[in-house]
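Chemist: Numbering (the working numbering), first residue to last: 11 to 155. Once you've had a glance at the structure underneath, I'll fire off some questions.
Pasting the structure below:
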């Protein structure tokens, strides 16, 4: 049986500001913006090409604004992704890669473009943090475990 992550709930302090950030700045697709009454509103958005969505709103859950850290987005071309983020006005860490010689992050893209070695870090307006990482190869799930 497949077990797939469908949705991640974020805490935000301003629903409309968060919605604008994720649609206008990050380019996420707006799936749902539903408010049946004054006590409940749900906004669901999905990154382009992703099967997993994010949700936030009023009465959705008790998540504290900015409490979600380290959400990962995977792209095939980190330099193109960074250029798109810059063009959309998203503040970020800039391009970084892990350097084993120094044991940490250094500026620029991994010279060998190895999978999961190049990153861009960013925060939404509430401080929920995201990591965009480059990966060309994604192993298929092994049903045998």
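Cβ atoms here follow ideal geometry from the backbone N, Cα and C, with glycine treated the same way. As the structure is a computational prediction, the values presented were derived from the model and not from experiment.
If we call anything under 9 Å between Cβ atoms a contact, is residue 21 one with residue 74?
Modeler: Walking along the chain shown from the start, residue 21 turns up at place 11. Walking along the chain shown from the start, residue 74 turns up at place 64. In this structure, residue 74 lies closer than 9 Å to residue 21 by Cβ.
Chemist: Using 9 Å as the threshold, is the C-beta distance between residue 123 and residue 115 below it?
Modeler: As a working mapping, residue 123 is identified with position 113 in the chain shown. As a working mapping, residue 115 is identified with position 105 in the chain shown. No, these two residues do not count as a Cβ contact at 9 Å.
Chemist: Quick one: give me the first and last residue of the alpha helix (DSSP H) that residue 92 is part of.
Modeler: Your numbering for residue 92 matches position 82 in the chain shown. That run of the alpha helix (DSSP H) goes 88-97.
Chemist: Starting from the N-terminal side, write out each stretch of the alpha helix (DSSP H) that is 4 residues or longer and does not extend beyond the segment 58-142.
Modeler: Taking only runs of at least 4 residues, the alpha helix (DSSP H) segments lying wholly in the segment 58-142 are 88-97.
Chemist: Mapping the DSSP letters down to three states, classify residue 48 as helix, strand or coil.
Modeler: Translated into the one-based positions of the chain shown, residue 48 becomes position 38. Residue state, collapsed to three classes: coil.
Chemist: Write down the C-beta distance between residue 130 and residue 91 rounded to the nearest angstrom, noting that I regard them as a contact closer than 8 Å.
Modeler: Counting from 1 along the chain shown, the entry for residue 130 is found at position 120. Counting from 1 along the chain shown, the entry for residue 91 is found at position 81. Between residue 91 and residue 130 the Cβ distance is about 7 Å, and since that is below 8 Å, they are a contact.
Chemist: Check residue 34 in the structure and name its three-state DSSP category.
Modeler: Reading the chain shown from its first residue, position 24 is the one you call residue 34. Reduced to three states, the DSSP call for residue 34 is helix.
Chemist: Does DSSP put residue 41 in a helix, a strand or coil?
Modeler: For the purposes of this step, residue 41 is taken as the residue at position 31 of the chain shown. Residue state, collapsed to three classes: strand.
Chemist: First and last residue of the beta strand (DSSP E) that includes residue 19?
Modeler: For the purposes of this step, residue 19 is taken as residue 9 along the chain shown, with counting starting at 1. Here the beta strand (DSSP E) through residue 19 covers 17-19.
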